[in-house]
Every structure is written in structure tokens, then in C-alpha cells.
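Q: Okay, so the sequence shown: first residue is 582 according to this note's numbering, each after it adds one.
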Amino acid sequence: LGPKLAGCCRGQASNCSCHARGAGSRRWSSFVDDLALIMMFTFGRCCCAQRDVGDEQVFGNSPLEVPTNELAPALPAGPPVRGAERKTLHVPPDFSIRSVDSAASSGSGYVSLNEEQKAREMTKLQHMIRDFVMEFLQGVFLDAVLEDGSLVPCRCLMDSKLSVLMLQVHSTTRTIDLTNIQEICSGKELRDLRVSTPLDDLCVTLVMADDQCVSFKFSDVQGREHFATCMKVLRLALD
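1) Within 10 Å of its beta-carbon, does V788 have 16 or more other beta-carbons around it, so buried, or fewer, so exposed?
2) DSSP state of D740, grouped into three classes?
3) Just to confirm the assignment, what range does the alpha helix (DSSP H) spanning L718 have?
4) Would you be able to state if there are at least three C-beta pairs under 8 Å between the region 755 to 766 and the region 777 to 796?
5) For V733, which residues does DSSP report across the bridge?
6) Please report the residue range of the beta strand (DSSP E) in which L815 lies.
7) Which partner residues does K798 have in the DSSP bridge list?
8) Roughly how many whole angstroms lie between the Cα atoms of K798 and H708?
9) Please classify L670: does DSSP put it in a helix, a strand, or coil?
10) Contact check, C735 vs V750 under 8 Å by CB: the rounded distance?
11) DSSP three-state call for T754: helix, strand or coil?
12) Am I right that C784 and V733 are in contact with their C-beta atoms under 8 Å? What's the rounded C-beta distance?
13) Would you mind stating whether K668 and V714 have Cβ atoms separated by less than 8 Å?
14) Taking the C-alpha atoms as reference points, what is the distance between Q803 and D724?
15) Buried or exposed for S731, please, with buried defined as at least 16 other CB atoms from any protein chain shown within 10 angstroms of its CB.
16) State the CB to CB distance for the pair T786 and L774, rounded to an integer number of angstroms; the pair is presumed to be in contact (CB under 8 Å).
17) Applying the 10 Å Cβ sphere with the 16-neighbour rule, what's the burial state of R711?
18) Quick one: Cα of V701 to Cα of C794, how far?
19) Which term fits L819, buried or exposed, when burial requires 16 or more other beta carbons within 10 angstroms of its beta carbon?
20) Hey, out of T754, A809 and L718, whose CA is closest to K769's CA?
21) Restricting to Cα atoms, I'd like to know which of D729, I765, E728 and E716 is closest to S741.
22) With S800 and L780 assumed to form a contact (beta carbons below 8 Å), what rounded beta-carbon distance in angstroms separates them?
23) Going by DSSP, what residue range makes up the beta strand (DSSP E) through L774?
24) Between the alpha carbons of C737 and L748, how many angstroms are there, rounded?
25) Per DSSP, D746 forms a beta bridge with which residues?
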């Protein structure tokens, strides 16, 4: 019933009887629109090919359930945030996938860098993580991928201990304990996942240990890998 009403009320103000009933009906149709969106903003079903045993684990598609005492306070409601008011994630202009690989694989031998270059790349990585953390403490907007493949602006924040990721779409807030993140997949890594949500090479998927996943889409490969790299570093720091 909810999605049908929402579809009836979108972009048909001149013909739709819902709009002819006055302000009360307009408030109701707005509520139904939000409800339909909230219903879609659940952590989706994910089939993850287990690399070590070769089996498939089917992830459920039920809404994320978190004990009440673990829920973060609701974020301020207020009017919708638009355009320039939305703080998006900043990708350092000198960021490159090679730089990340060089720093992360120091001593592995497959990247030809001397010790000074490795130290410089590691310092660059540390500064990138610091800036990433500062942005997430203040809150940034990412494009979350809904089950039908459409995108919705999602406000993302972390707590001061960098242990909980909070996601807000409209008035609905979901929380993720970073220690529950089992995998962070992007690019070619997504080929090992079979998800109900349509994904492409610009997406990053967080796979949780409690059989749920959430995906974000970025405008380019640099943005995708910047987010994936920083999240992997923060996740490893909790082990």
C-alpha cells in the first residue's frame, strides 16, 4: 500500500486525488514517500563466495536490528540538506592507488621504491587517514545504493572512538559496529560477491559478520579506493 501511494503522489499534483484533499493529504503523501524510501534502505541480501572453503553463504535481507542501548542518538531532523550544504568526502588531489599499494605493501618487493620513498608514501597515507577521520567525525554525505540500484544521499558519521559508523537517510539512522565488518570489497573484489543490489566497479560494499551488507557508489575510481582504503585501515586498527 505504501509504495503504491508513493508512486501515485510523485509528480502528478494536477491529476492525483491525493493532492486534492488539502494539506493533510500532502503531509500524508510525504510521509508515505519517506516510508517507502526507508523500507528500501535496509541492509541488503548478499551472497559471499567463501574463498577458503568454496561454499556460499546467503546473507539475509531483513532490516538491521541493533539493541536499543547501542543505538546512537537520532541526528537532528530539520529541513533537508541541499546542494552546497552537503559536505561530501574529500579525496586528496595527490591520491593514487599506486601510492596506497606502495605504502601498504612496504617490504613486499612487488613495488620498486627505496626506503625514503616508502617512508614518504606512508606519511602521505597517515595524513590521508587523519583527514578522513576528521571528516567522518563531522559527518559526510555518500551515495548509498538501494536494493533497486537507485542512489540516495546518506549522511555518514563515526563516534569519537572510531568504533561505530552511523548512517542516516532522512530520519532513519542505522549503526554499524566496525568490528562487525567482515569484508570491505571494491572494484574487482566485487566479483567474489553476488548481491541482490545492482553494483558496478565504482561501488564499495561493506559485508558484516551478521549477514548483512551495505553499498556505496562513488563518482570515480579514486573516490572509491580512497574510501575503501581508509575504511580498511580503520577496521584493521580495531583487531
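For each residue, glycine too, the CB sits at the ideal point set by N, CA and C.
A: Per the coordinate set shown:
1) buried
2) coil
3) E696 to Q719
4) yes
5) A725
6) Segment V802 to A818 is the alpha helix (DSSP H) holding L815; no beta strand (DSSP E) there.
7) D724 and C784
8) 24 Å
9) coil
10) 5 Å
11) strand
12) Their Cβ separation, rounded to whole angstroms, is 14 Å, which puts C784 and V733 out of contact at 8 Å.
13) no
14) 15 Å
15) exposed
16) 6 Å
17) exposed
18) Sequence inspection shows Arg at residue 701; the Val mentioned does not correspond to that position. Their backbone Cα atoms lie some 35 Å apart in a straight line.
19) exposed
20) A809
21) E716
22) Rounded, the Cβ-Cβ distance is 15 Å, inconsistent with contact.
23) L774 to V776
24) 5 Å
25) The identity of residue 746 in the sequence shown is Leu, whereas the question assumes Asp. Partner(s): M739 and I757.
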